[in-house]
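Peer 1: With the first letter of the sequence shown counted as 1, position 448 gets the number 1348 in my numbering; the numbers rise by one all the way through. No residue lacks a Cβ here, since even glycine has one placed at the ideal position from N, Cα and C. Could you have a look at this structure, given as structure tokens, before my questions?
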Amino acid sequence: MSAALVRPSRPPTAALHRRRALGFALVTALVAALLAVVQAAPAQAAPVLLSQGSPATASSTEGPFAASAAVDGNAGTRWSSAFSDPQWIRIDLGSPAALSRVELAWEAAYAKSYRIELSTNGTTWTNAYSTTTGQGGSETLTVSGEARYVRLTGTQRATGYGYSLWEFKVFGTRDGGGGPQIPGGGDLGPNVHVFDPSTPNIQGKVDEIFRQQESAQLGNGRHALLFKPGTYDNINAQIGFYTQIAGLGLNPNSTTFNGDVTVDAGWFNGNATQNFWRAAENLTLNPVNGTNRWAVSQAAPFRRMHIKGGLNLAPDGYGWASGGYIADSKIDGTVGPYSQQQWYTRDSSVGGWTNAVWNMTFSGVQGAPASSYPNPPYTTLDTTPISREKPFLYLDGNEYKVFVPAKRVNARGVSWEGGNQQGGSIPLNRFYVVKQGATAATINAALAQGLNLLFTPGVYHIDQTINVNRANTVVLGLGLATIIPDNGITAMKVADVDGVKLAGFLIDAGPVNSPTLLEVGPQGASADHSVNPTTVQDVFIRIGGAGPGKATTSLVVNSDDVIIDHTWVWRADHGEGWGWETNRADYGVRVNGDDVLATGLFVEHFNKYDVEWYGERGRTIFFQNEKAYDAPNQAAIQNGTTKGYAAYRVDDSVNQHEGWGLGSYCYYNVDPTIIQEHGFKAPVKPGVKFHNLLVVSLGGNGQYQHVINNIGSPTSGTSTIPSTVVNFP
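Following this line, the structure appears as structure tokens:
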């Protein structure tokens, strides 16, 4: 439908205002009479809102007014149908629930005749409510029944337009409960530090946390620095380990620093290769000297940032730096990576890019340099095939909510510019706010009630698997919240359902070997999630380093259509509790699902394969890998007749796979004579394609014979010069 035919929203009628006013007066008059009865009655938990953020589909839409707008919790957005009868809108609650009521907030174009229908399977429907005398406005309907799917079918319009709903809310309980026994919402705990422009001594508090965290690479401190919308002058927020800094606006431009958010490497003598586990999000910066410094390596996301100047990715003195990640950010000036070995930038805008060392990869980045691999080593995709930005906490007035951005297809540039950000909000009272001391049993009970999870900064030991079984569940961590399985269990499992969002937390292997640490979908998962994929974003996995840890396979993806958007899966090569057998971890990431997309995949140091891919039509945009430093000798990594295990292996059964901008590095410092057959292994088939691959020996400590299979020149000597392959096959 053309823009000219899209009907503008009209306010409710005066009669509706009078009905609302009358209703309010009646309620007020009854409150005093009922108060004593309410106080004396036994406490009973109320049903909960089940529909908000759930997938919604419709028989038709009018212009941009999609079905999802009726379940986004925003009374200013709406679904609107075509101008004909009948029409329907359907909500998938994700799992069965005992329903109790439906609330409808009609726009001026309402239904005179309609019915509410329920289904457990999406095909067989029962009638729960019907009317031929609908009045529009706000309607509260009593319904009863067990259902996963709820459908409103309009059979007669009250106007010449279509059907239009501001909100379609469904209430009920799950698992036989009488409502949430575990309350949602609440305060954010002692490690979340919230500032507004009038807060005294902001710089002093930020400096205090930095002093605690600057060199605490393997400590237990966890912090989130959250800034309410406004302007902050003369700020230099230095960000140390396990520290997240973020604005609390719905748009990065809502929170502005006349100052900097800085990461440097003074604690490590100017070497930034261990500047891990920190984050900056959702802020606008006016850097004091025109350029902000963000000298990091793995697990340090830079998201939804607007830099009104340049960005320097190297430490002071231009010491070593080992790669990082930018997404959904706008840098008005030039990005200078300088000594950064590799970097991935997604769905952003840059004013320029100065240089490249080994591997600079871009997808959907306005202003990115053109592809020119290997000299200079730029890999540039005009768009990102599929992306959905990370959920984030924000303030709507004085109320905390989590915004869940919408999926984008063939994305380019930031999602938030121009105030046209797509997605929906979930109020904090729909989250179990997890604080230190919470048990896995309580966490699972909250999930079973239909609550999402917000992990506040802290370290969480669990004795049972966290089971995420409901579609569209959000599991969001603040301040690099860390989950440790203590008894050899899998830390978290996600069912084969639509639209789960995992973001912003660290899983740290425990001392008893876990078969897996994170599973997305059960073995044999086969459901189609292409419309509403599960996302794994800024989820980091560590085996050893902070203490002994073991896991056979760290991350297993069984579900189809999953998006892995920035993860660092790391078997430790330093710290405490590491050694060839001490923190044994054979496999990093295994993908069994079809149509899985990885954007920013960092996987390092596993005893055998770092990445194994069995699913069809998998895609990876940017891969960074180091083989295990601590292999004691050639025999320890021997793989049958092959010398060493590939960093990235596509199984021989796979017919279609594609990758762009992938690198593997070796540093066999225990035995520098070790030979690695190749960095990559894949079947030679027309549908299996790689673009812009490299392998490099760091200082001649170990050598690669080939890049992929038996293709590509060997590395040689002591010089750290990559061997490259531009296209495979």
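Is V1462 near V1420, with beta carbons less than 9 Å apart?
Peer 2: yes
Peer 1: What do you reckon, are the CB atoms on L1380 and R1111 nearer than 9 Å?
Peer 2: no
Peer 1: Quick check: what's the CA-CA separation for T1245 versus S1287?
Peer 2: 13 Å
Peer 1: In whole angstroms, what is the alpha-carbon distance linking I1441 and G1236?
Peer 2: Looking at the two C-alpha atoms, the distance is approximately 29 Å.
Peer 1: Assign S1616 to one of three DSSP states: helix, strand, or coil.
Peer 2: coil
Peer 1: Using beta carbons (cut-off 9 Å, strictly below), is N1175 in contact with chain D?
Peer 2: Within the model displayed, chain D is absent; a lone protein chain is all it includes.
Peer 1: Could you tell me the distance, in whole angstroms, from the CA atom of P1715 to the CA atom of I1226?
Peer 2: One cannot answer for residue 1715 here, as it falls past the ends of the chain, which runs 901 to 1629.
Peer 1: So, helix, strand or coil for V1283, using DSSP?
Peer 2: Note that residue 1283 is Thr in the sequence shown here, rather than Val. Note: T1283 maps to coil in three-state DSSP.
Peer 1: Please classify D1428 as buried or exposed, where buried requires at least 16 other C-beta atoms within 10 Å of its C-beta.
Peer 2: Of the other Cβ atoms in all chains shown, fewer than 16 fall within 10 Å of the Cβ of D1428; this residue is therefore exposed.
Peer 1: Excluding five sequence neighbours on each side, which residues of the same chain lie with their C-beta closer than 8 Å to the C-beta of S981?
Peer 2: A958, S959, S960, T961, E962, Q987, I989, G1054, G1062, Y1063 and S1064
Peer 1: Tell me whether V1250 is buried or exposed, calling it buried when 16 or more other Cβ atoms sit within 10 Å of its Cβ.
Peer 2: Buried, because 16 or more other Cβ atoms sit within 10 Å of the Cβ of V1250.
Peer 1: What alpha helix (DSSP H) runs, 4 residues minimum, are completely inside the stretch 1308-1386?
Peer 2: With a minimum length of 4 residues, the unbroken runs of alpha helix (DSSP H) contained wholly in the stretch 1308-1386 fall at 1340-1348.
Peer 1: By alpha-carbon positions, which one of R1330, I1231 and W1006 ends up nearest to S951?
Peer 2: R1330
Peer 1: Answer with buried or exposed for N1195, where buried requires no fewer than 16 other C-beta atoms within 10 angstroms of its C-beta.
Peer 2: Residue identity check: residue 1195 is Ala in the sequence provided, not Asn. So A1195 counts as buried.
Peer 1: Taking the alpha-carbon positions, what's the P1083 to Y1332 distance?
Peer 2: 7 Å
Peer 1: Just reading off the alpha helix (DSSP H) that E1108 is part of, what are its end residues?
Peer 2: I1102 to Q1113
Peer 1: How should P1415 be labelled, buried or exposed, when 16 other C-beta atoms within 10 angstroms of its C-beta is the threshold for buried?
Peer 2: exposed
Peer 1: Beta-carbon within less than 6 Å of I1384's beta-carbon, same chain only, minus the 5 sequence neighbours each way: which residues are those?
Peer 2: H1361, D1408 and G1410
Peer 1: In terms of DSSP beta bridges, what is T1020 paired with?
Peer 2: T1020 pairs with nothing; no bridge assigned.
Peer 1: Would you kindly check if the distance between the Cβ of K1401 and the Cβ of L1295 is under 9 Å?
Peer 2: No, Cβ-Cβ distance for L1295 and K1401 is not below 9 Å.
Peer 1: Please report the straight-line C-alpha distance between F1435 and T1032, rounded to a whole angstrom.
Peer 2: The sequence given here has Thr at residue 1435, not Phe. Going from the Cα of T1435 to the Cα of T1032 covers about 42 Å.
Peer 1: Taking only the alpha-carbon atoms, compute the straight-line gap between N1134 and S1564 and give it to the nearest angstrom.
Peer 2: 42 Å
Peer 1: Quick one: residues in its chain with C-beta nearer than 8 Å to the C-beta of I1608, no 5 flanking neighbours on either side, listed in chain order?
Peer 2: H1578, G1579, F1580, K1581, A1582, F1590, L1593, V1625 and F1628
Peer 1: Kindly confirm or deny that the stretch 1597-1611 and the stretch 1258-1270 touch, where touching means at least three C-beta pairs closer than 8 Å.
Peer 2: no
Peer 1: Just verifying my parser: in three-state terms, what is the DSSP assignment at Q1240?
Peer 2: strand
Peer 1: Helix, strand or coil for N1275, going by three-state DSSP, please let me know.
Peer 2: Three-state result, N1275: coil.
Peer 1: Taking buried to mean at least 16 other C-beta atoms within 10 Å of its own C-beta, is E1289 buried or exposed?
Peer 2: buried
Peer 1: Would you kindly check if the distance between the Cβ of A1146 and the Cβ of E1108 is under 9 Å?
Peer 2: no
Peer 1: Would you kindly check if the distance between the Cβ of V1163 and the Cβ of Q1144 is under 9 Å?
Peer 2: no
Peer 1: Report the rounded CA-to-CA distance for I1464 versus T1040, giving the unit in angstroms.
Peer 2: 40 Å
Peer 1: Per DSSP, what are the beta-bridge partners of G1445 in this structure?
Peer 2: E1476
Peer 1: Please name the residue in V1314, N1175 and W979 whose C-alpha comes closest to that of W1220.
Peer 2: N1175
Peer 1: Would you list the one or two residues that DSSP bridges to V1550?
Peer 2: W1513
Peer 1: Whole angstroms is fine: what's the gap from I1016's alpha carbon to S1459's?
Peer 2: 32 Å
Peer 1: How many Å lie between G1617 and K1543 at the Cα?
Peer 2: 19 Å
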